[in-house]
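Worksheet for the structure shown next.
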Amino acid sequence: MSTAIVTGQPVPGSSLENDLRSLGFDVRVAADAAETESLLAAVPADRRVALVDARFTGHPHALRLGLTDPRFPLAAVPGAVTAQPAARQALTRAVARAASAPARSPEGGAPALAVDSLADRVAGVLDDDGGAVHRPELGSLVATVPADPRARDEARRAVAAVDEEAVRLRSAVKSRDGFFTTFFISPYSRYIARWCARRGLTPNQVTTASLITALIAAGCAATGTRGGFVAAGVLLIASFVLDCTDGQLARYALKYSTLGAWLDATFDRAKEYAYYAGLALGAARGGDDVWALALGAMVLQTCRHVVDFSFNEANHDATANTSPTAALSDKLDSAGWTVWVRRMIVLPIGERWAMIAVLTAATTPRITFYALLVGCALAAAYTTAGRVLRSVTRRARRTDRAARALADLADSGPLANAVRRMFRRGLPGFAVPAVALLGGAAVVACSALTDFGGALPVAGALVYVLTSALAVARPLKGALDWLVPPVFRAAEYGTVLALAGKAGVNGALPAAFGLVAAVAYHHYDTVYRIRGNAGAPPAWLVRAIGGQEGRTLLLTVLAAVLTATQFKAALTVLAVAIALVVLVESVRFWVSAGAPAVHDEGETA
């Protein structure tokens with residue numbers, strides 16, 4: 097339960113109190129500032145509390161946006177301000193100061209006060225005190241405190257002139273999404289979201305339904321029959337519709353949660369990679385072994401995402417962030433058709449899943465994977481080349497936070513940390529990604545180009561340990577240092593794929609698929625913790641699973657000392673062990689009170 101304190105004399109004919117109750121607030125009325133302070137002190141400390149001017153006139157959805165979003169400790173719209181329990185002390189102090197201070201216009205970019213409103217004065221004091229007061233974009237929605245009856249009548253006419261529900265439905269859809277999602281899914285999925293909201297369904301329930309639907313689709317694909325493939329394609333699209341619906345429901349009803357952040361951030365990958373496994377199983381039933389293609393698709397897709405994550409983390413708070421390439425990109429965005437072409441080129445999740453669904457139903461798993469690999473490779477080349485051009489042409493100073501994020505994404509373990517202490521100065525900035533790439537290419541090439549069981553992959557892995565330590569020996573603040581984490585991902589995953597393929601025994605590639613899936617989950621979990629400003633996973637977890645260079649070396653040693661059959665068993669054991677450790681820690685974190693209350697708007701890929 098939340099509490100709203102309506103300040104001032106009630107306005108005849110106002111529906112404000114009913115609107116607040118419909119939003120889940122327990123409404124109390126205060127005649128003046130002194131009574132407001134008294135009522136505020138009486139509200140339990142574990143409740144959200146809002147101060148709303150009794151003269152407020154506007155749309156209920158404007159109040160919903162300003163007063164119920166769980167992501168922001170402090171938020172305000174004209175005539176109303178709210179604080180979650182974590183910010184209650186700041187609100188209490190602001191109320192005390194505002195009650196004794198004369199009316200004035202707040203600073204810090206807040207809207208000027210048209211009339212003397214205690215709620216707006218409190219919001220201004222919070223701004224002055226450095227509080228991060230969130231002010232949502234209202235667009236055509238009305239939120240105002242009229243100064244007199246005439247202004248109130250004008251405001252009410254403005255409210256009546258806007259279709260609030262249409263605005264709410266539009267705002268439920270991402271402002272930036274892929275072509276397929278925008279034109280083939282969102283036009284009707286927003287209404288499914290509203291239907292769910294009116295029946296009390298939560299985004300987490302819809303997310304879970306999307307996962308279950310995708311797993312059923314993977315099961316249908318695993319049958320290896322034409323009917324199963326057709327059903328799998330249809331169900332995959334249905335799963336994607338639900339995947340869009342859960343986010344739209346969260347935005348429509350402002351139901352964001354820590355658990356929802358975790359589910360939304362990880363289930364897309366779980367669904368897609370489970371579907372790859374289903375296709376590979378279905379192909380095997382028909383006598384075609386495509387596990388190497390399935391694993392290759394997972395490796396390529398994961399590396400694509402790490403490129404996006406690393407680049408964004410390296411540059412989102414960079415200072416003096418200028419680039420002719422970025423300016424050209426902005427200019428292209430001014431031409432409508434180029435926006436959609438560029439969004440489709442990167443093969444975002446909507447286009448990718450639509451392609452997979454159609455090819456599954458109409459062709460074979462092998463053709464589906466060939467098309468997926470070619471499409472993702474072209475998309476990766478396009479996006480990576482663009483990011484490299486931006487990086488080498490921009491003049492920017494990377495922050496310590498960016499360097500810390502890249503170091504966390506690198507996932508360096510005890511071996512790399514021990515070796516890098518030997519290199520106090522590190523490498524020149526331009527050499528860091530080159531050395532990382534050289535070492536990664538060495539271990540993958542040694543694993544792929546020699547017979548299984550040889551010692552050369554071990555030598556390549558030892559070189560890789562050295563180069564990976566050199567790459568992170570100093571803070572990653574160079575123009576292209578964001579390439580280091582994706583190079584590490586490609587090296588580790590590529591080594592697993594090469595060794596399993598060279599083992600040549602039935603079941604080795606599926607076991608490798610499971611191992612890469614478990615490690616990739618850990619890497620995605622790291623990304624979303626960083627995005628939530630919660631830091632990387634605990635150091636003990638990284639040590640427990642060896643770090644990327646430790647796992648790579650271990651796999652090459654196991655391949656050298658074990659038979660192919662024993663190596664397959666070792667891959668399976670490693671996959672299960674790593675999956676258990678990272679899942680238990682991830683679940684513990686994301687359901688804890690300290691997890692960030694975010695809902696990933698995410699990249700379209």
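Residue 203 in my numbering sits at position 107 of the sequence shown, and the numbers go up by one each step. C-beta: ideal position from N, C-alpha, C; glycine also. A quick note: this is a predicted structure, and the numbers were derived from the prediction, not measured.
- According to DSSP, alanine 366 shares a beta bridge with no other residue.
- Note that the stretch 571-585 does not touch the stretch 673-692; fewer than 3 beta-carbon pairs, one per stretch, sit closer than 8 angstroms.
- Contact between the stretch 149-164 and the stretch 249-258 is established, with three or more Cβ pairs separated by less than 8 angstroms.
- Rounded to whole angstroms, the Cβ separation of isoleucine 101 and alanine 126 is 5 angstroms, and the two are in contact under 8 angstroms.
- For leucine 670, the enclosing alpha helix (DSSP H) stretches over residues 660-686.
- Judged by pairs of C-beta atoms under 8 angstroms, the stretch 501-512 does not touch the stretch 596-608, as fewer than three such pairs exist.
- With respect to leucine 391, leucine 545 sits apart: the two C-beta atoms are not nearer than 8 angstroms.
- The alpha-carbon of leucine 468 is positioned some 8 angstroms away from that of methionine 451.
- It is roughly 13 angstroms from the alpha-carbon of leucine 595 to the alpha-carbon of glutamine 662.
- The C-alpha of valine 540 lies about 8 angstroms from the C-alpha of glycine 556.
- Assignment of histidine 157 by DSSP, reduced to helix, strand and coil, places it in the helix class.
- Here glycine 378 is buried, its C-beta having at least 16 other C-beta atoms within 10 Å.
- Of the other Cβ atoms in all chains shown, 16 or more fall within 10 Å of the Cβ of asparagine 411; this residue is therefore buried.
- Here leucine 222 carries a helix assignment [DSSP, helix/strand/coil].
- In the DSSP secondary-structure assignment, arginine 438 is not bridged to any residue.
- Contact between the stretch 546-565 and the stretch 681-689 is not established, with fewer than three Cβ pairs separated by less than 8 angstroms.
- Relative to the Cα of aspartate 364, the nearest Cα in the group Leu311, Ala349, Leu375 belongs to Leu311.
- Taking 8 angstroms as the cut-off, the beta carbon of valine 515 is found no closer than this to the beta carbon of leucine 523.
- In the three-state reduction of the DSSP assignment, leucine 170 falls in the strand class, which pools E and B.
- Every beta strand (DSSP E) stretch that sits fully inside the stretch 374-419 and reaches 3 residues is listed by chain position as 415-418.
- In this structure, Ile441 is the residue among Arg500, Leu147, Ile441 with its C-alpha nearest to the C-alpha of valine 470.
- Residue state for valine 258 is assigned as coil, using DSSP reduced to three classes.
- Between the C-alpha atoms of alanine 370 and tryptophan 387 there is a straight-line separation of about 12 angstroms.
- Under the 10 Å beta carbon count, leucine 112 is surrounded by 16 or more other beta carbons and is classified as buried.
- Our two residues, alanine 305 and serine 282, have alpha carbons roughly 18 angstroms apart in a direct line.
- With respect to the 8 angstroms criterion, alanine 473 and leucine 396 are classified as neighbours on the basis of their beta carbons.
- With respect to the C-alpha of alanine 215, the residue from Phe609, Ala575, Arg490, Ala176 having the closest C-alpha is Ala176.
- In this structure, glycine 274 lies away from glycine 320, with their beta-carbon atoms at least 8 angstroms apart.
- The stretch 221-229 makes contact with the stretch 177-188, as at least three CB pairs between them are under 8 angstroms.
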